[in-house]
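J.: Okay, handing you the structure first.
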Amino acid sequence: MTTPETAEEKTKDFIVQTVQDHWDRTRKVCMLSTLGFELKKNVPESTEVLGEGLREYLRQNYLVHVVQFPNVFQKIGAVPLSVSVPDDPSSLFKSPSKIASAEKLPIYNQEFWNSFFREIEVGKVRVVNLKSDGEMDILDTENEKVTKSEATYIITHDDLTAVDQDASGAEKVIATNSAIEEWLRKNSADRKLFLRPQKGSRNSGKTEGRLSSLIDAFDGMPESDLARINIPLDILMRIAKQQ
5 MTTPETAEEK
15 TKDFIVQTVQ
25 DHWDRTRKVC
35 MLSTLGFELK
45 KNVPESTEVL
55 GEGLREYLRQ
65 NYLVHVVQFP
75 NVFQKIGAVP
85 LSVSVPDDPS
95 SLFKSPSKIA
105 SAEKLPIYNQ
115 EFWNSFFREI
125 EVGKVRVVNL
135 KSDGEMDILD
145 TENEKVTKSE
155 ATYIITHDDL
165 TAVDQDASGA
175 EKVIATNSAI
185 EEWLRKNSAD
195 RKLFLRPQKG
205 SRNSGKTEGR
215 LSSLIDAFDG
225 MPESDLARIN
235 IPLDILMRIA
245 KQQ
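Going by my numbering, the first residue of the sequence shown is number 5, and it counts up by one from there.
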């Protein structure tokens with residue numbers, strides 16, 4: 005059994021080392037969303053240590069410099085204490101051209117995508133059953149009750165997306181995609197089996213497809229992100245007329 009002292013020591017050591025390694029490789033900040041993902045995956049007991057969250061923990065414990073991108077509250081990273089943070093810290097962040105774009109990421113089946121950030125009860129696993137018609141059934145069940153087959157895949161608590169609460173929507177999308185990519189690799193699974201089916205032909209239903217994609221993107225998003233979305237009424241009316 006890990007003692008609280010040991011859990012906190014492991015958490016602190018991992019944070020310091022991960023941020024230092026990232027800095028040595030890139031000379032850029034380690035985003036808290038990335039740090040949180042790696043911390044949850046490699047030091048599971050850290051969840052008992054962080055309390056109110058990673059950002060607040062780093063503010064209370066002088067382990068690294070916490071750096072916020074100018075005028076973007078959700079864009080927060082960390083650099084080693086040995087780094088001198090400039091008055092304008094934007095240079096410490098990756099340029100937009102180098103940041104992964106959510107538009108370039110694979111578009112997965114929505115229920116499958118949601119499965120990577122919905123919590124799993126202790127003692128249970130999430131079972132993904134692929135059906136012959138290309139659809140899938142996803143349910144949570146006790147681990148010992150799982151019937152294994154070639155069409156059955158398991159998502160565990162360790163596979164879930166780990167991202168800081170204050171991360172931006174784009175960062176959450178990228179972190180979830182990373183979690184899925186790692187899960188696919190671990191299970192030697194074919195990505196194509198889990199992608200969202202194409203709707204309609206190339207020359208028909210274009211607008212419907214765009215609207216469907218928009219709705220799918222909203223589905224399953226946290227309420228905190230949905231509250232920030234504001235679509236002008238004239239745009240909604242224009243979309244409705246084109247249906």
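Think of the CB as a built atom: it goes at the ideal place given N, C-alpha and C, for glycine as much as any other residue.
Assign Leu164 to one of two classes, buried (16 or more other C-beta atoms within 10 Å of its C-beta) or exposed (fewer than that).
T.: So Leu164 ends up on the buried side.
J.: Taking all protein chains shown into account, do 16 or more other C-beta atoms lie within 10 angstroms of the C-beta of Gly40, making it buried, or fewer, making it exposed?
T.: Buried, since its Cβ has 16 or more Cβ neighbours within 10 Å.
J.: Give, in chain order, every unbroken run of the alpha helix (DSSP H) that is at least 4 residues long and sits entirely within the stretch 173-204.
T.: If we require 4 residues or more, the alpha helix (DSSP H) runs fully inside the stretch 173-204 come out as 173-190.
J.: Does Asn118 come out as helix, strand or coil in the three-state DSSP assignment?
T.: Note: Asn118 maps to helix in three-state DSSP.
J.: Check this for me: beta carbons of Val131 and Thr156, under 8 Å apart or not?
T.: Yes, Cβ-Cβ distance for Val131 and Thr156 is below 8 Å.
J.: Taking buried to mean at least 16 other C-beta atoms within 10 Å of its own C-beta, is Tyr112 buried or exposed?
T.: Its Cβ being crowded by 16 or more others within 10 Å, Tyr112 is buried.
J.: Can you tell me which of the three DSSP states Arg29 falls into?
T.: Arg29: helix per DSSP, three-state reduction.
J.: So for Glu146, helix, strand or coil by DSSP?
T.: Three-state DSSP puts Glu146 in a strand.
J.: Grab me the residues of Ile124's own chain with a C-beta within less than 8 Å of its C-beta, minus the 5 sequence neighbours each way, in chain order.
T.: Around Ile124: Arg130, Asp144, Ile159, Thr160, His161, Leu164.
J.: Mapping DSSP to helix, strand and coil, what is Ala11?
T.: In this structure, Ala11 counts as helix in the three-state DSSP scheme.
J.: Would you mind giving the Cβ-Cβ distance between Ile80 and Arg59, rounded to the nearest angstrom? I have them listed as a contact below 8 Å.
T.: Rounded, the Cβ-Cβ distance is 6 Å, consistent with contact.
J.: Spell out the partners DSSP gives Ile159 in its beta bridges.
T.: Bridge partners of Ile159: Arg130.
J.: Looking at the unbroken alpha helix (DSSP H) that takes in Val53, where does it start and where does it end?
T.: Start and end: 51-54.
J.: With Gly57 as the anchor, note down where its alpha helix (DSSP H) starts and where it stops.
T.: Looking at the DSSP string, Gly57 is not in any alpha helix (DSSP H), and its letter there is neither H nor E.
J.: Mind checking which residues open and close the beta strand (DSSP E) that includes Gly138?
T.: Neither: Gly138 is in no beta strand (DSSP E) and is coded neither H nor E.
J.: Let me confirm a value: Ile233 is counted as buried when at least 16 other C-beta atoms fall within 10 Å, else exposed. Which label applies?
T.: Exposed, because fewer than 16 other Cβ atoms sit within 10 Å of the Cβ of Ile233.
J.: In the DSSP assignment, find the beta strand (DSSP E) that holds Ile71 and state where it starts and stops.
T.: Correcting the residue identity first, residue 71 is Val in this sequence and not Ile. Here the beta strand (DSSP E) through Val71 covers 69-72.
J.: Rounded to a whole number of angstroms, what is the C-alpha to C-alpha distance between Leu188 and Asn118?
T.: Spanning the two alpha carbons is a distance of roughly 15 Å.
J.: Counting Cβ pairs closer than 8 Å, one from the stretch 38-55 and one from the stretch 176-188, do we hit at least three?
T.: Taking 8 Å as the limit for Cβ pairs, the verdict is that the stretch 176-188 does touch the stretch 38-55.
J.: Thinking C-beta only, is Val89 closer than 8 Å to His287?
T.: Here the chain comprises residues numbered 5 to 247, so residue 287 is not present and cannot be evaluated.
J.: Which partner residues of Ile80 appear in the DSSP bridge assignment?
T.: DSSP, once it has assigned bridges, lists Gln72 as partnering Ile80.
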